[in-house]
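Asks: Going down the list, the protein sequences come from chains A and B.
Residue numbers for the first sequence follow our numbering, so the first one is 1 and each next one is one higher.
Residue numbers for the second sequence follow our numbering, so the first one is 1001 and each next one is one higher.
2 protein chains.
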Amino acid sequence: MSGLRSGQVAAAAGVNPQTLRYYERRGLLAEPDRSLGGHRLYPAETVTVLRVIKAAQRLGFTLDEVAELLDAGRHRHGRHPDAGLRARAQAKLTEVEVKIADLQVIAGTLRAAVKAGCDDLVECADQPYCPIPFATIAPPGACSTGSPA
Amino acid sequence: MSGLRSGQVAAAAGVNPQTLRYYERRGLLAEPDRSLGGHRLYPAETVTVLRVIKAAQRLGFTLDEVAELLDAGRHRHGRHPDAGLRARAQAKLTEVEVKIADLQVIAGTLRAAVKAGCDDLVECADQPYCPIPFATIAPPGACSTGSPA
DNA sequence: GGTAAGCCTGTACCTGAGTACCGGATGCAA
DNA sequence: TTGCATCCGGTACTCAGGTACAGGCTTACC
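#1: Helix, strand or coil: which one does DSSP assign to L28 (chain A)?
#2: Rounded to a whole number of angstroms, what is the C-alpha to C-alpha distance between T1062 (chain B) and L1093 (chain B)?
#3: Take every Cβ of the segment 125-135 of chain A, pair it with every Cβ of the segment 1050-1066 of chain B, and state whether three or more of those distances are shorter than 8 angstroms.
#4: Going straight from the alpha carbon of L103 (chain A) to that of R1088 (chain B), what length do you get?
#5: Got a sec? Which residues, its chain only, sit under 6 angstroms from R1026 (chain B) by beta carbon, not counting five neighbours each side?
#6: Measure the C-alpha to C-alpha separation of E95 (chain A) and A1072 (chain B) and round it to an integer number of angstroms.
#7: Beta carbons nearer than 8 angstroms to chain B: which residues of the segment 99-128 of chain A have them?
#8: Cβ of Q1008 (chain B) less than 9 angstroms from any chain A Cβ?
#9: If L70 (chain A) sits next to L1121 (chain B), beta carbons under 8 angstroms apart, how far is it from one beta carbon to the other, in whole angstroms?
#10: Do V9 (chain A) and V66 (chain A) come within 9 angstroms of each other at the CB atom, strictly closer than that value?
#11: Can you give me the Cβ contacts of A1116 (chain B) inside the same chain, cut-off strictly under 8 angstroms, excluding the 5 residues immediately before and after it?
#12: Give the DSSP-derived three-state secondary structure of V1015 (chain B) in the structure shown.
#13: Closest to A1107 (chain B) by CA distance: which of A:E97, A:G7 and A:A11 is it?
#14: What distance in whole Å lies between the Cβ atoms of D33 (chain A) and G14 (chain A), which are believed to be in contact at a cut-off of 8 angstroms?
#15: Listing by chain order, which chain B residues have their CB less than 9 angstroms from the CB of T48 (chain A)?
#16: Measure from the alpha carbon of T109 (chain A) to the alpha carbon of each residue in B:R1086, B:G1038 and B:H1039, then state which is nearest.
#17: Which stretch, first to last residue, makes up the alpha helix (DSSP H) that contains L36 (chain A)?
#18: If you drop the 5 nearest sequence neighbours on each side, which residues of the same chain put their C-beta closer than 8 angstroms to that of R1005 (chain B)?
#19: Starting from L103 (chain A), trace the alpha helix (DSSP H) in both directions and tell me its first and last residue.
#20: Which chain B residues sit within Cβ distance under 8 angstroms of E97 (chain A)?
#21: Using beta carbons (cut-off 9 angstroms, strictly below), is A1056 (chain B) in contact with chain A?
#22: Kindly indicate the opening and closing residues of the alpha helix (DSSP H) around L1050 (chain B).
#23: In angstroms with no decimal places, state the Cα-to-Cα distance between C1118 (chain B) and I100 (chain A).
#24: Taking buried to mean at least 16 other C-beta atoms within 10 Å of its own C-beta, is L1050 (chain B) buried or exposed?
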């Protein structure tokens, strides 16, 4: 027995072996047991944890957020309402929806630019027919929510 | 006369003065004339160029891409079809559309997770009812285009 | 001509998520 | 027991798009 070596875990989860140490530093993976010589020996469930991390990242969570999510799961869930995955997923969903709306505005602008046949940005900027909103263009995420939280 | 000083240009365009030097290094802004003492003196149109840069960034172009776009505009347009703003805007539009589709998949997954009431990622990963696709989750942008270019 | 604000160059730092390299130690199989 | 793959730690680097700081010079106004 003993456990899986870092290379095995990395291969099984499809990540770079260095990433395991990185996640350990970041608090996403618990420090595993060691062999007598100091090599890491992981329990099999580490592979699951890694898959979970990758899935959460895919859903838009940062590593810090993933670390909190994992922690929230470990410390008995349901303590206070913000801590759970459900609430955070809801918040992240809102974020993603805002981002989608933002990109849709951008797509609309690009479509208009293509249609209008703009072919030189600097020249265009002075023309009245150019659909690109040079002056009023907002930084990403600046709109749609009334107050900055 | 002489031109605008860097602080004036930066203020007029709403950017950090350091950013002007940064853009100059990156090839987005031409090297301006200097005063006898070595201070930069910008023509008024630089403010327009900065606004254009910011607008293009907002539309999803990287600074390298913006530099190319500006260059393409300067070197007489219409040479070959890829070079123009129109073609690039079309390509960028496709990129943005892919990103939107990707985020919509993510939003759908988050909605499903909220609805299913998942509350602990690691536990969830072993449950059959959990809607989060841990195993099959793809890296961003991996789908929808058949071959990796 | 004095003084303060502004500008100069060069270098270092920031975020986020890793990846790469180094010299040395360990694990495992033949 | 030898040899080689793997792993160790620590450090440095990557990408993108800036931002900050230090130490010194210039400009502008009174």
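Just so you know, even glycine gets a beta-carbon here, dropped at the ideal spot from N, CA and C.
Replies: On the basis of the data shown:
#1: Position 28 of the first sequence, counted from the start, is the residue given in the question as residue 28 (chain A). Coil at L28 (chain A), not helix or strand.
#2: If you number the second sequence from 1, residue 1062 (chain B) lands on position 62. If you number the second sequence from 1, residue 1093 (chain B) lands on position 93. Straight-line Cα distance between these residues: approximately 14 angstroms.
#3: yes
#4: Your numbering for residue 103 (chain A) matches position 103 in the first sequence. Your numbering for residue 1088 (chain B) matches position 88 in the second sequence. Their backbone Cα atoms lie some 17 angstroms apart in a straight line.
#5: Position 26 of the second sequence, counted from the first residue, corresponds to residue 1026 (chain B). Correct list, in chain order: L1063.
#6: The sequence position of residue 95 (chain A) within the first sequence is 95, counting from 1. The sequence position of residue 1072 (chain B) within the second sequence is 72, counting from 1. Between E95 (chain A) and A1072 (chain B), the C-alpha separation is close to 36 angstroms.
#7: K99, I100, L103, Q104, I106, A107, T109, L110, R111, A113, V114, G117, C118, D119, D120, L121, V122, E123, C124, A125 and D126
#8: Locating residue 1008 (chain B) in the second sequence gives position 8, counting from the first residue. It does not; no Cβ of chain A falls within 9 angstroms.
#9: Along the first sequence, one-based indexing puts residue 70 (chain A) at 70. Along the second sequence, one-based indexing puts residue 1121 (chain B) at 121. 7 angstroms between Cβ atoms; contact.
#10: One-based indexing of the first sequence puts residue 66 (chain A) at position 66. One-based indexing of the first sequence puts residue 9 (chain A) at position 9. Cβ distance not < 9 angstroms, so V66 (chain A) and V9 (chain A) don't count as in contact.
#11: In the second sequence, the residue the question calls residue 1116 (chain B) occupies position 116. If we look at A1116 (chain B) and ignore the five residues flanking it on each side, its Cβ neighbours are Y1129, C1130 and P1131.
#12: Within the second sequence, the letter at position 15 stands for residue 1015 (chain B). Note: V1015 (chain B) maps to coil in three-state DSSP.
#13: Within the second sequence, the letter at position 107 stands for residue 1107 (chain B). Nearest of A:E97, A:G7 and A:A11 to A1107 (chain B), Cα basis: A:E97.
#14: Here residue 14 (chain A) corresponds to residue number 14 of the first sequence, with the count starting at 1. Here residue 33 (chain A) corresponds to residue number 33 of the first sequence, with the count starting at 1. Their Cβ separation, rounded to whole angstroms, is 23 angstroms, which puts G14 (chain A) and D33 (chain A) out of contact at 8 angstroms.
#15: Walking along the first sequence from the start, residue 48 (chain A) turns up at place 48. Chain B residues near T48 (chain A): V1122, A1125, D1126 and F1134.
#16: Position 109 of the first sequence holds residue 109 (chain A). When only C-alpha atoms are compared, the closest one is B:R1086.
#17: Position 36 of the first sequence holds residue 36 (chain A). Neither: L36 (chain A) is in no alpha helix (DSSP H) and is coded neither H nor E.
#18: As a working note, residue 1005 (chain B) is residue 5 in the second sequence. Closer than 8 angstroms at the Cβ level, and outside the excluded window around R1005 (chain B), lie H1039, R1040, L1041 and Y1042.
#19: Your numbering for residue 103 (chain A) matches position 103 in the first sequence. Taken as a continuous stretch (DSSP letters only), the alpha helix (DSSP H) holding L103 (chain A) covers L85 to A116.
#20: Position 97 of the first sequence, counting from 1, holds the residue named residue 97 (chain A). Ordered by position in chain B, the residues that pass the 8 angstroms Cβ test against E97 (chain A) are A1107.
#21: Taking the second sequence and counting its residues from 1, one reaches residue 1056 (chain B) at position 56. Closer than 9 angstroms to some Cβ of chain A, the Cβ of A1056 (chain B) qualifies, so yes.
#22: As a position in the second sequence, residue 1050 (chain B) is number 50, starting the count at 1. That run of the alpha helix (DSSP H) goes E1045 to R1058.
#23: Position 118 of the second sequence, counting from 1, holds the residue named residue 1118 (chain B). Position 100 of the first sequence, counting from 1, holds the residue named residue 100 (chain A). Answer to the nearest angstrom: the Cα atoms are 24 angstroms apart.
#24: By 1-based counting over the second sequence, the position of residue 1050 (chain B) is 50. L1050 (chain B) is buried by the Cβ-count criterion.
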